[in-house]
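Counting in the UniProt record's numbering, the sequence shown runs from 1 upward without gaps.
Ideal Cβ positions, reconstructed from N, Cα and C, are used throughout, including at glycine.
None of the values given here were measured: they were computed from a predicted structure.
Heads up, the thing below is written out as structure tokens.
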Amino acid sequence: MIPYGRQHITADDEAAVLAALRSDWITQGPAIPRFEQALAARVGAQFGVAVSNATAGLHIACLALDLGPGDRLWTSPNTFVASANCGLYCGATVDFVDIDPLSLNMSVPALAAKLEAAAASGTLPKVVVPVHFAGQSCDMQGIHALGQRHGFRIIEDASHAVGGSYLGQPVGNGRFSDLTVFSFHPVKIITTAEGGMVMTNDPAMAARLERLRSHGITRDPAVMEGEPEGPWVYEQVELGLNYRLTDLQAALGFSQLSQLEASVARRHQIARRYDAELASLPLTTPWQSPDAHSALHLYPIQVDPARSPLTRRQLFDGLRAAGIGVNVHYIPVHTQPHYRRLGFAPGQFPASEAYYAQAISLPMFPTLTEAQQGEVIAALRRLLG
């Protein structure tokens, strides 16, 4: 079975993890700041705070912005549930902004219209979480301008987008947001097995994120409420979580950084072949914004129901039967049972639902061979006639 995504672990990666395993530190050691500093430098941010996964990163990013009961968080329905759940973890109310049918990212006109209505009713969000779906940046300049007008804070969910860029600058540099969250899950652009990182340019925010990932504990005398009686003293100054990354994972992440540019370049090579060889089929291939260079975590096609001899389900099943491990990204969050119990219902965000109804993610990973990609393309041609 050719999977839709797969990690690429090299001999250098294995050596890096083994070296960490044999060192004096396998957690909370020097590999973590080394990885944080290297990725921050790569994306042009001042600080990176490594965490156990991107969900943890989204959660403490919300906490660092003091999101809580009585506040509102808005995000995209076309995402994994974590982009919305982070608001619920903080006791906030969650709502959604529909996507642009072309980019599949949060629609700036839809956001603007929803903000105007919220301003009139006194229900503006405190935090907006744009999601860089499939690796392509949202229109962050437009979202930032609305944030300046309406006073909300911005967390970029860039789980798909490490290695991507927007307006010629790396995703994660914080030019148009308060915080950016990356994911290092195995199928992402680089991996730490599980892991994530929160980027910020605010030193106070970075220090708070570090506390929040480690139980809210500090050893910094300047932050403590009392005079420490010795160097062993620590204080829990707020309620935090245990969201730490290990040195083993950080060592892997640091090693994987050397593959970042090559991985994204190979993904674009794969996408160009898909674009060219699928052009005659009854499919819609991903649109690429001229303002962004996607990290291409995913290659989602859409079945054209007016031209295709097969439904999405029939094509999905046919590809799976042919040994092509396609997947679907994503079931709109507002249609999940938990969110339906919160009052959401199908039909509320039609662009997201229309995309989902026809979406299939094709295999996209840097070690996908020419022959394997040829199998995918041949299977699509055979099934779609």
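What is the DSSP secondary structure of residue i, reduced to helix, strand or coil?
i           : result
residue 107 : coil
residue 437 : Past the edges of the chain, shown from 1 to 385, lies residue 437, and the structure says nothing about it.
residue 212 : helix
residue 22  : coil
residue 253 : helix
residue 156 : strand
residue 140 : helix
residue 169 : strand
residue 85  : helix
residue 125 : coil
residue 150 : helix
residue 353 : helix
residue 347 : coil
residue 336 : coil
residue 375 : helix
residue 203 : helix
residue 225 : coil
residue 77  : coil
residue 131 : strand
residue 16  : helix
residue 370 : helix
residue 92  : coil
residue 358 : helix
residue 380 : helix
residue 235 : strand
residue 295 : coil
residue 248 : helix
Taking only the alpha-carbon atoms, compute the straight-line gap between residue i and residue j and give it to the nearest angstrom.
i           : j           : result
residue 128 : residue 293 : 22 angstroms
residue 82  : residue 58  : 8 angstroms
residue 32  : residue 258 : 16 angstroms
residue 19  : residue 235 : 32 angstroms
residue 380 : residue 319 : 7 angstroms
residue 335 : residue 29  : 42 angstroms
residue 79  : residue 312 : 19 angstroms
residue 68  : residue 154 : 15 angstroms
residue 60  : residue 92  : 14 angstroms
residue 327 : residue 272 : 20 angstroms
residue 109 : residue 156 : 18 angstroms
residue 115 : residue 10  : 47 angstroms
residue 140 : residue 304 : 29 angstroms
residue 66  : residue 180 : 16 angstroms
residue 131 : residue 105 : 7 angstroms
residue 170 : residue 261 : 12 angstroms
residue 244 : residue 214 : 6 angstroms
residue 5   : residue 253 : 18 angstroms
residue 143 : residue 87  : 19 angstroms
residue 302 : residue 204 : 44 angstroms
residue 265 : residue 383 : 29 angstroms
residue 219 : residue 63  : 20 angstroms
residue 401 : residue 217 : With the chain covering only 1 through 385, there is no way to say anything about residue 401.
In the DSSP assignment, find the alpha helix (DSSP H) that holds residue i and state where it starts and stops.
i           : result
residue 269 : 260-277
residue 317 : 312-321
residue 55  : 54-64
residue 243 : Neither: residue 243 is in no alpha helix (DSSP H) and is coded neither H nor E.
residue 40  : 31-43
Run the CB neighbour count on residue i, radius 10 Å, all protein chains shown included, and call it buried at 16 or more, exposed below.
i           : result
residue 37  : exposed
residue 211 : buried
residue 121 : exposed
residue 267 : buried
residue 192 : buried
residue 148 : exposed
residue 21  : exposed
residue 225 : exposed
residue 56  : buried
residue 74  : buried
residue 286 : buried
residue 425 : With the chain represented from 1 up to 385, any question about residue 425 goes unanswered, as that position is not in the structure.
residue 280 : exposed
residue 314 : exposed
residue 239 : exposed
residue 174 : buried
residue 309 : exposed
residue 223 : exposed
residue 1   : exposed
residue 353 : buried
Could you pull the start and end residues of the beta strand (DSSP E) that residue i belongs to?
i           : result
residue 70  : Neither: residue 70 is in no beta strand (DSSP E) and is coded neither H nor E.
residue 200 : 196-200
residue 302 : 299-303
residue 50  : 47-51
residue 102 : Counting along the chain, residue 102 falls outside any beta strand (DSSP E), and DSSP gives it neither H nor E.
residue 183 : 179-183
* Three or more C-beta pairs below 8 angstroms linking the region 48-58 and the region 181-190 -> yes
* If we count Cβ pairs, one from each stretch, closer than 8 angstroms, do we get three or more for the region 133-142 versus the region 161-180? -> yes
* Asked: Touching or not, the region 367-375 and the region 343-352, by the rule of three or more beta carbon pairs under 8 angstroms?
  -> no
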